[in-house]
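Heads up: the protein sequence lines correspond to chains A and B, in order.
Oh and the first sequence: position 540 is 540 in the UniProt record's numbering, straight run, nothing missing.
Oh and the second sequence: position 33 is 33 in the UniProt record's numbering, straight run, nothing missing.
By construction, the Cβ of each residue, glycine as well, lies at the ideal position given by its N, Cα and C atoms.
Note that the coordinates shown come from a computational prediction; the quantities given were computed from them, not determined experimentally.
These notes are about the structure you will find just below.
2 protein chains.
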Amino acid sequence: MARSILLLSSLAVLSSTILAASNFPDCTSGPLANNSVCDTSLDTLSRAKALVSILTTAEKINATISSSPGVPRLGLPAYEWWSEGLHGVAKSPGVTFNSDSDSNFSYATSFPQPITLGATFDDELVYAVASVVSTEARAFSNAGQAGLDFWTPNINPFRDPRWGRGQETPGEDPIHLSNYVKSLIAGLEGAGDVDGSEGGKYKKLVATCKHFAGYDIESWNGNYRYQFDASISMQDMVEYYLPSFQTCARDAKVGAFMCSYNAVNGVPTCADSWLLNDVLRDHWNWTGGNDDGFWVTSDCDAIQNVFFPHRWAPTREAAAAAALRAGTDLNCGTYYSRHLQSAYDQSLVDEADLDTAVMRLYGSLVKLGYFDSTDSQPYRSLGWDSVNTPRAQQLAYTAAVEGAVLLKNNNTLPLNLEGKTVAVLGDWAAATTQMQGNYYGQAPYLHSPLYAVQQLLGNDSVFYSAGPGFGDPTTNDWDAIWEATDSADIVLYFGGVDGSVESEGSDRTSIAWTGMQLDVIGEIALLGKPMVVVQMGGGQLDSSPIVNNPGIGALLWAGYPGQDGGFAILDILTGKQAPAGRLPITQYPAAYIASVPMTDMALRPDTSRGFPGRTYRWFDGDPVFAFGFGLHYTSFTADLSLAGSASSFNISSLTSDCTEEYLDLCPFASVPVSVTNTGDATSDYSALLFLKGQFGPEPYPLKTLVSYGRAHNITSLTTTEITLNLTLGSLSRVDESGNRVLYPGSYSLVLDVDPGLARLDFTLTGEAAILDNWPASPVDRVGSPSDEVPEGYFVGGYGSVNNAGDQLPLD
Amino acid sequence: MARSILLLSSLAVLSSTILAASNFPDCTSGPLANNSVCDTSLDTLSRAKALVSILTTAEKINATISSSPGVPRLGLPAYEWWSEGLHGVAKSPGVTFNSDSDSNFSYATSFPQPITLGATFDDELVYAVASVVSTEARAFSNAGQAGLDFWTPNINPFRDPRWGRGQETPGEDPIHLSNYVKSLIAGLEGAGDVDGSEGGKYKKLVATCKHFAGYDIESWNGNYRYQFDASISMQDMVEYYLPSFQTCARDAKVGAFMCSYNAVNGVPTCADSWLLNDVLRDHWNWTGGNDDGFWVTSDCDAIQNVFFPHRWAPTREAAAAAALRAGTDLNCGTYYSRHLQSAYDQSLVDEADLDTAVMRLYGSLVKLGYFDSTDSQPYRSLGWDSVNTPRAQQLAYTAAVEGAVLLKNNNTLPLNLEGKTVAVLGDWAAATTQMQGNYYGQAPYLHSPLYAVQQLLGNDSVFYSAGPGFGDPTTNDWDAIWEATDSADIVLYFGGVDGSVESEGSDRTSIAWTGMQLDVIGEIALLGKPMVVVQMGGGQLDSSPIVNNPGIGALLWAGYPGQDGGFAILDILTGKQAPAGRLPITQYPAAYIASVPMTDMALRPDTSRGFPGRTYRWFDGDPVFAFGFGLHYTSFTADLSLAGSASSFNISSLTSDCTEEYLDLCPFASVPVSVTNTGDATSDYSALLFLKGQFGPEPYPLKTLVSYGRAHNITSLTTTEITLNLTLGSLSRVDESGNRVLYPGSYSLVLDVDPGLARLDFTLTGEAAILDNWPASPVDRVGSPSDEVPEGYFVGGYGSVNNAGDQLPLD
């Protein structure tokens with residue numbers, strides 16, 4: 001397939017270049033040619049200002065909606081701001097796939113979902129994947145089939161195991177998210193581009209960090225994302241909910257943000273000037289004080305939600321005005337187009353408010369080369385030959401392999417399938433688009449597990465049955481299941497959950513295995529045949545019944561593995577590849593959720609209300625599998641040391657020696673990790689380094705991930721070194737006001753999940769030092785979760801009911 | 001359309017008779033001809049016994065599964081027991097509709113859902129509808145396209161407004177349900193058949209009262225119907241959860257019952273010998289002590305659920321055995337077919353257990369004439385000409401008209417649409433299958449509201465827009481909405497909820513208006529045009545924002561109105577028909593559910609746990625609209641009297657005077673109600689008679705519906721008399737042990753909802769008398785809801801988690 005693509009692609013480059021012409025403004029001979037926006041010698045801000053200066057008020061309002069009509073009189077084309085690319089160029093208003101599968105731009109590489117990519121703990125891989133996504137996105141854009149900005153990544157932490165969109169994130173840990181997203185944005189926006197299409201001064205794409213902030217509920221027990229008011233303490237906010245966004249803004253300088261549906265401590269985020277201006281633009285210094293091309297879009301209809309159902313603004317015009325003035329520059333939805341003119345007429349917004357938003361938006365397009373000639377821009381020559389290259393295909397496969405996590409293995413794996421017959425069962429066995437999760441595009445192929453096994457063994461040796469489904473008990477599938485299992489030497493069961501159970505708009509109500517799967521699995525396990533269960537889906541399931549069942553030899557989790565998922569899984573099962581992924585989320589026992597209202601945003605356990613806490617840092621019970629857990633086909637030993645070999649550090653020396661703009665980024669130490677493969681199989685090893693100790697404000701977390709890295713292909717009986725870098729921020733804690741502080745105390749570094757492969761202790765001495773002074777909210781917005789969640793149970797209702805359960809009047 | 005059907009039908013009778021031959025056993029020349037089952041001179045039990053006596057054990061086991069293969073060696077045909085007919089012959093394993101819409105048996109009359117039929121408070125209408133359903137079902141059966149038993153009605157009370165299947169029931173009140181179901185079963189099973197096809201000694205159909213018992217949760221917050229253990233006090237059980245089933249068994253002698261997915265007080269109902277034998281068969285004397293054709297089926301896979309996820313039985317075989325021995329004769333699912341032989345081999349069941357079940361099942365078919373010659377049975381000659389007759393079409397229309405409930409009218413209705421332009425908006429405007437709810441068949445036509453308005457005014461005067469949807473906020477529909485409203489003189493909005501919000505398997509999480517409907521409605525109401533909102537769907541929505549909005553002139557609720565819903569609604573809006581339906585359920589404020597876990601089965605309020613109580617009898621808050629509420633286009637006055645004019649009654653006289661087998665059925669009094677139409681419009685009037693008073697055990701209900709009846713077409717300034725009959729049971733209360741008792745005290749009868757149109761007081765004197773001694777459960781099974789629902793919040797989890805949240809081992 002790769003060869004025929006390459007043959008076709010030389011034609012494709014030509015045609016896409018021609019097509020692209022009409023998608024970009026004519027800066028040569030059009031009405032804009034003499035406007036400074038077309039003057040490539042000027043800075044971004046000047047160019048954007050020049051364009052804004054010639055727009056009418058109505059044209060500016062049109063420019064603030066995501067399906068912008070452009071300005072025909074100026075030859076400024078319509079522009080669709082809403083393109084998606086969560087794990088590959090994805091279907092969305094801004095992206096078009098040709099429907100004829102033989103034609104160019106009919107597909108794009110479909111990588112694993114972020115939850116699987118997160119399980120790789122391999123940020124170089126994340127960068128490589130993102131680079132392919134942006135290359136393919138540019139190729140689509142050049143063909144007039146995609147925009148230049150993409151509304152990805154979803155970088156909210158996967159706080160509650162029920163969250164339907166947790167699959168879109170790399171996991172539950174804020175440090176992991178921060179490192180991941182920094183690599184991801186570099187790959188998407190083209191910083192240090194490695195694929196030969198260096199953009200020079202141009203941005204490759206604009207990425208959009210979403211959903212800012214505190215968004216991680218779809219619909220739980222009558223609490224809908226459009227209305228939910230998340231009550232979050234400043235400590236939890238800075239420590240848990242915001243680090244990934246701080247990295248996006250302050251450190252990765254991502255091009256765009258998206259404010260979210262929910263409110264935080266009483267204010268809908270799209271109308272929250274404190275969040276969008278004080279924190280994002282000022283404290284994090286996102287834009288360096290300029291409005292030169294960094295913008296905030298609302299989530300779709302989130303500005304409507306400011307009025308309804310949040311009822312935060314008294315009128316529809318006031319909602320639109322509040323959002324614009326708070327710094328929401330773009331509206332996905334209808335409220336700016338419908339109500340901003342009226343808000344303007346009522347003096348709720350003024351010309352300067354509109355100018356700022358439009359400058360930011362068109363500034364962004366300036367940076368993307370939108371107004372510049374094609375021949376000056378290597379990105380503009382990317383064509384169909386850059387899509388789904390052999391390297392991209394290999395990368396999609398590798399990402400799926402690296403992201404698979406081995407949870408149980410009673411000497412069953414790797415399997416020798418030679419000459420064997422195999423039953424391939426379960427509702428994931430023949431998965432196609434299931435493997436893509438959500439926000440996906442047309443894939444070049446979707447190799448199911450069944451297909452992979454059939455390719456390996458031939459159809460005659462493979463017996464397939466779907467069922468038993470993820471929902472209702474099955475009535476009709478048993479016979480097919482027995483027929484398949486009776487015929488086979490070995491049983492492979494592919495199940496778990498999929499998009500029918502966890503999805504946008506729909507959180508789970510159970511974290512146990514769904515439907516009748518456990519009954520089917522349990523009865524098959526009585527047959528005494530070698531049996532492997534592969535757990536699919538993004539949210540974890542309590543797999544202890546499978547772990548505890550001696551009739552089941554192995555359990556592998558593979559998430560949403562993308563276009564080549566079947567081969568990636570099979571190659572691990574047969575030992576062609578070795579598993580080395582790690583769980584990026586805690587696998588809680590099924591009963592966990594009974595004592596945890598999804599609406600309770602707190603992280604720390606609170607016995608007074610029977611709240612066990614959240615994430616591996618705070619959960620005070622026993623997980624089924626811990627964050628970071630993952631077995632191998634071999635065994636490892638490791639040594640840990642601090643470069644420089646000191647074991648005590650003075651805080652004032654550490655801070656005064658630092659020359660970084662932000663103290664939390666100051667280097668603390670490099671930690672060389674020596675890893676020895678003491679077994680037979682060649683294998684990757686993901687080094688996860690945790691910090692433990694009782695320092696800073698009580699209560700203390702059980703441990704905290706501070707750094708990680710992945711070594712590849714460590715052969716038997718060899719040793720590899722992985723260097724993990726720590727900053728002062730790595731050692732810091734957050735106080736109740738949200739300040740990040742370095743505290744004196746005894747610290748321990750532990751490699752790998754408990755009990756750990758190696759450990760290293762050191763102390764910090766002297767006075768505590770603030771690394772980051774958190775900007776207080778203008779009003780007292782430190783929430784009290786226990787006030788909001790009486791007796792562990794809380795229903796906000798929807799539509800006309802506010803969080804206190806009161807009926808509100810309807811205008 | 002009716003004429004062409006009649007022309008086609010003479011052919012149809014011939015062909016269906018021929019087809020039918022192979023669906024029935026050959027008692028003339030087949031292997032069974034000499035078996036007594038074919039001897040029409042014998043009683044049912046003898047005939048069924050004779051058949052069972054010649055079956056092998058394996059054949060008997062085959063006979064206990066719903067897709068029974070029959071016994072080919074005996075010429076006993078395969079029989080599919082699972083046919084559906086909730087509100088018309090419905091698609092199901094036992095029912096086939098021809099796909100060519102021009103061919104015979106390609107459709108059946110589709111009546112309103114029971115919730116709409118319940119709102120008519122017209123049991124003669126219920127009987128007439130059920131008679132049409134059974135006639136059409138017999139016609140389908142004769143053509144080989146349906147079974148003879150139908151798994152309807154769903155007669156669980158609509159306890160919680162969130163219940164996804166509440167639409168399948170006539171409402172929340174047990175007396176209403178009991179009267180309704182008695183009429184319904186008479187119509188379905190052919191008692192006193194009025195449509196000219198008198199069955200003589202034969203049953204017309206077998207109906208199936210389901211789901212026995214305590215079933216009214218689909219999926220709430222991790223509590224799934226397959227696993228839920230309903231904790232119900234004996235008082236609530238007898239007073240609320242069981243009366244409709246008692247009527248089915250004891251008074252209507254329905255042919256079949258279905259046990260449910262859930263457990264009650266620790267025992268899955270399909271394995272509950274107390275429920276199925278002590279209560280159903282013995283105490284209610286369902287079968288008169290005989291096993292001559294009354295059977296219990298499991299809900300589909302409910303026997304599997306006894307093992308998993310209930311984990312009530314230790315093995316799969318034990319689950320199957322427990323169900324069979326408890327009196328579950330038929331298994332929809334695989335557990336009897338897969339595990340009963342093994343249970344037999346382990347002596348967990350014996351031959352007699354199997355014989356009993358199979359006798360009951362085939363006895364039922366004997367009563368249906370299954371083994372008897374066609375020519376002796378009028379029902380067997382029913383053909384396609386009996387389906388969707390003009391009378392059936394009229395009845396479907398009438399039922400929809402009678403079931404519509406007017407909730408608000410600021411002199412807006414009836415509308416004069418002559419010469420007007422009308423905007424028809426909302427996601428119900430162009431409803432087709434939406435109008436059928438669930439468990440529906442192919443309808444002959446589905447006249448949407450939009451279609452009806454277009455027929456009345458012509459397409460050019462009607463402006464349509466769908467949106468805004470029931471889920472996510474809309475991004476794209478606003479423009480179409482404005483275009484429609486800008487063009488129109490009058491706005492009709494059809495919205496609410498539908499099967500995408502409330503359905504089998506899916507309870508609601510909010511009882512407010514969903515999606516962005518209130519924002520859209522509210523903005524349209526600002527236009528100042530005459531505006532009517534029609535609220536559709538079975539579960540009530542808190543419509544107070546619509547009630548309180550002066551820009552909205554009227555609100556009508558129409559439920560799921562069936563095949564002619566559009567015309568039924570439009571004819572009410574224009575005054576061609578007058579509204580006289582009454583709400584068969586309470587319309588709670590949206591915040592109600594915040595303090596009511598769905599899993600809390602209690603009815604009575606309990607301030608200690610912040611529980612406001614359930615149903616109009618107990619709810620201690622203010623409803624938005626009360627049970628029984630409904631406006632008219634006219635006004636009524638009424639007088640109430642007790643026939644005989646006494647005002648004091650001695651309890652021992654009342655009971656000793658009675659000759660009824662069951663004391664609660666003893667007549668107490670007739671209550672003639674004189675109703676005068678004091679307004680201009682001709683209108684029906686539904687007389688709802690409530691009992692009030694402080695007698696019997698505390699706490700006292702606010703009031704109790706004791707009788708009702710509907711008078712038709714009362715013309716202006718005329719008076720009609722409706723006679724309502726009361727029994728001793730009408731006056732009784734239930735004590736904590738479940739005994740039904742007549743107590744001394746002061747009683748009041750009040751006509752209509754508060755404050756009532758008329759009132760009448762009387763007293764009972766003497767000692768309290770037990771009308772019904774309730775059979776105690778062999779173990780202490782009086783549940784304590786507050787134990788099961790700690791702090792108002794409860795999650796059972798699913799799959800491998802029991803209700804205490806413990807992880808159970810997997811076999």
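Beta-carbon neighbours of residue i, restricted to chain A and to distances below 8 Å
i	result
B/Ser219	Thr509
B/Phe625	Result: empty, since nearest Cβ-Cβ is about 14 Å, beyond 8 Å.
B/Phe308	Met516, Leu518, Asp519 and Gly522
Contact set for residue i: own chain, Cβ-Cβ below 6 Å, skip 5 residues either direction
i	result
A/Val206	Asp149, Gly255, Ala256 and Ser364
B/Thr40	Asp372
A/Ser101	none
B/Thr208	Trp151, Ala256 and Met258
B/His447	Asp564, Gly566 and Phe567
B/Gly293	Thr44, Gly363, Ser364 and Lys367
residue 833 of chain B	Given that chain B is displayed from residue 1 to residue 811, the structure contains no residue 833 of chain B and the question cannot be resolved.
7 Å Cβ shell around residue i - same chain, five flanking residues per side excluded
i	result
A/Gly709	Ala687, Ile722 and Leu724
B/Leu757	Phe636, Thr637, Ala638 and Leu751
B/Arg604	Gly613, Trp618 and Pro699
B/Tyr445	Gln563
Residue(s) in a DSSP beta bridge with residue i
i	result
B/Gly745	B/Leu764
A/Glu502	In DSSP, A/Glu502 forms no bridge with anything.
A/Ser92	A/Val95
A/Ser674	A/Asp639 and A/Glu721
B/Cys209	B/Phe257
B/Gln535	B/Gly495 and B/Trp557
A/Phe690	A/Leu705 and A/Val750
B/Lys408	B/Leu555
B/Val422	B/Val462 and B/Ile490
Proximal chain A residues relative to residue i, where beta-carbon distance stays under 9 Å
i	result
B/Phe690	Under the 9 Å cutoff, chain A gives no residues; its nearest Cβ is about 27 Å from B/Phe690.
Amino acids of chain B, ordered along the chain, whose beta-carbon sits closer than 8 Å to that of residue i
i	result
A/Trp478	Thr334 and Arg338
Contact list for residue i against chain B, beta-carbon separation under 7 Å
i	result
A/Phe494	Result: empty, since nearest Cβ-Cβ is about 17 Å, beyond 7 Å.
Chain-order list of residues whose beta-carbon lies under 8 Å from that of residue i (same chain, five-residue window excluded)
i	result
B/Pro744	Ile651, Phe695, Thr763, Leu764, Thr765, Gly766, Glu767 and Ala768
Neighbour list for residue i in chain A, Cβ cutoff strictly below 7 Å
i	result
B/Gly505	Gly471 and Asp472
Three or more beta-carbon pairs under 8 Å between the region 108-119 of chain A and the region 45-59 of chain A, yes or no? no
Assess contact between the region 125-133 of chain A and the region 571-579 of chain A, defined as three or more Cβ pairs (one per stretch) separated by less than 8 Å. Is contact present? no
Please give me, in chain order, every unbroken run of the beta strand (DSSP E) with length at least 3 that falls completely inside the region 262-317 of chain A. 295-298
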